[in-house]
Amino acid sequence: MSSDFIVQVGHHQLQLLKGDITAITVDAIVNAANSQLAGGGGVDGAIHRTGGPEIMAELHVVRSRIGYCETGSAVVTGAGRLPAKYVFHAVGPIYRDGNHGEAATLQSCYTTCLKLAAEHEVKTISFPSISTGVYGYPVEEAAAIAVRVTAEWLREHSGPVRVIKLVQFSDRDHEIYRRFAQKLRDGFATGTHS
Ligand code: ADP
Numbered sequence: 012m013s014s015d016f017i018v019q020v021g022h023h024q025l026q027l028l029k030g031d032i033t034a035i036t037v038d039a040i041v042n043a044a045n046s047q048l049a050g051g052g053g054v055d056g057a058i059h060r061t062g063g064p065e066i067m068a069e070l071h072v073v074r075s076r077i078g079y080c081e082t083g084s085a086v087v088t089g090a091g092r093l094p095a096k097y098v099f100h101a102v103g104p105i106y107r108d109g110n111h112g113e114a115a116t117l118q119s120c121y122t123t124c125l126k127l128a129a130e131h132e133v134k135t136i137s138f139p140s141i142s143t144g145v146y147g148y149p150v151e152e153a154a155a156i157a158v159r160v161t162a163e164w165l166r167e168h169s170g171p172v173r174v175i176k177l178v179q180f181s182d183r184d185h186e187i188y189r190r191f192a193q194k195l196r197d198g199f200a201t202g203t204h205s
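Per this note's numbering: the sequence shown = residues 12 to 205.
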């Protein structure tokens, strides 16, 4: 799958791609999980289907240890048959009206996964558009957060994460993400991005 849109951040890259996240080779794939770590539809269903039962078996072990995963946080498993080493199961916020800390919680999903990536020496990581499916987060707002937080991370951290891939499943979502990434790239080019 080719990379559709690239923002160069120093020696690092933020890439936007349209497609199925389970088909993209990276070190770590982020899943949009639920706090029970119980498996579901959407991207979670695709990850378990393609990755195989090993991932759920590992989640059972995690569950028996910690019970559940807090919203805005994430847990780590192997990646089964997926083309990756790890899956980071992040729990995004359920969107209510935007006044219930949703933005901070969504941001926390991205930063938690990037911290986990650094701890696990991950060089390439892919994110789906967390919370924008069943959890109802408006994609325009979620895209703005995803693009800003990941680009800031690349600017502020020298390694080991070198490439962050934001993966959208639909043309519409991809267009929306592109708009924000384009603004960011223009800002970098003119030096107006603060
Ligand atoms: P949430 O419960 O966090 O909203 P969903 O899985 O319902 O999670 O949706 C999150 C996003 O993942 C949505 O934008 C959805 O279109 C997208 N998505 C679903 N399947 C895939 C896939 N195979 N690859 C990438 N993104 C996917």
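Ideal Cβ positions, reconstructed from N, Cα and C, are used throughout, including at glycine.
Write down the C-beta distance between residue 39 and residue 126 rounded to the nearest angstrom, noting that I regard them as a contact closer than 8 Å. For a cut-off of 8 Å, the C-beta gap from residue 39 to residue 126 is around 12 Å, too long to register as a contact.
Quick check: is any heavy atom of the ligand ADP less than 8 Å from the C-beta of residue 50? No, the ligand ADP has no heavy atom inside 8 Å of this Cβ.
Alpha carbon to alpha carbon, what distance is there between residue 66 and residue 75? Just so you know, the alpha carbons of residue 75 and residue 66 end up roughly 14 Å apart.
Beta-bridge partners of residue 25, as assigned by DSSP: Answer is 18, 175.
Runs of beta strand (DSSP E) wholly within the region 22-101 (minimum 3 residues, chain order): Taking only runs of at least 3 residues, the beta strand (DSSP E) segments lying wholly in the region 22-101 are 23-29, 39-44, 85-89.
Under three-state DSSP, which class holds residue 180? Residue 180: coil per DSSP, three-state reduction.
From residue 23 to residue 192, what does the alpha carbon distance come to, in whole angstroms? Rounded to the nearest angstrom, the gap between the Cα atoms of residue 23 and residue 192 is 15 Å.
So, using beta-carbon positions, are residue 98 and residue 63 closer together than 9 Å? Contact flag unset, no.
Apart from the five residues just before and just after residue 164, which ones in its own chain have a Cβ nearer than 8 Å to its Cβ? So the list reads 121, 122, 125, 172, 175, once near-sequence residues are dropped.
Near residue 128, which residues of its chain fall below 8 Å by C-beta distance, leaving aside the five closest residues on each side in sequence? Taking C-beta separations shorter than 8 Å and ignoring five residues to either side along the sequence, the partners of residue 128 in its chain run 38, 39, 99, 136, 171, 172, following chain order.
Compute the distance between the beta-carbons of residue 158 and residue 184, then report whether it is under 9 Å. No, these two residues do not count as a Cβ contact at 9 Å.
Hey, would you say the C-beta of residue 79 is under 8 Å away from at least one heavy atom of the ligand ADP? Not one heavy atom of the ligand ADP falls within 8 Å of the beta-carbon of residue 79.
With the cut-off set at 9 Å, would you say residue 105 and residue 142 are in Cβ contact? The answer is yes: Cβ separation under 9 Å.
For residue 140, the first and last residue of its enclosing beta strand (DSSP E): Per DSSP, residue 140 belongs to no beta strand (DSSP E) and is neither H nor E.
Selection from 34, 26, 145 that minimises the alpha carbon distance to residue 51: A check of alpha carbon separations from residue 51 across 34, 26, 145 identifies 145 as the nearest.
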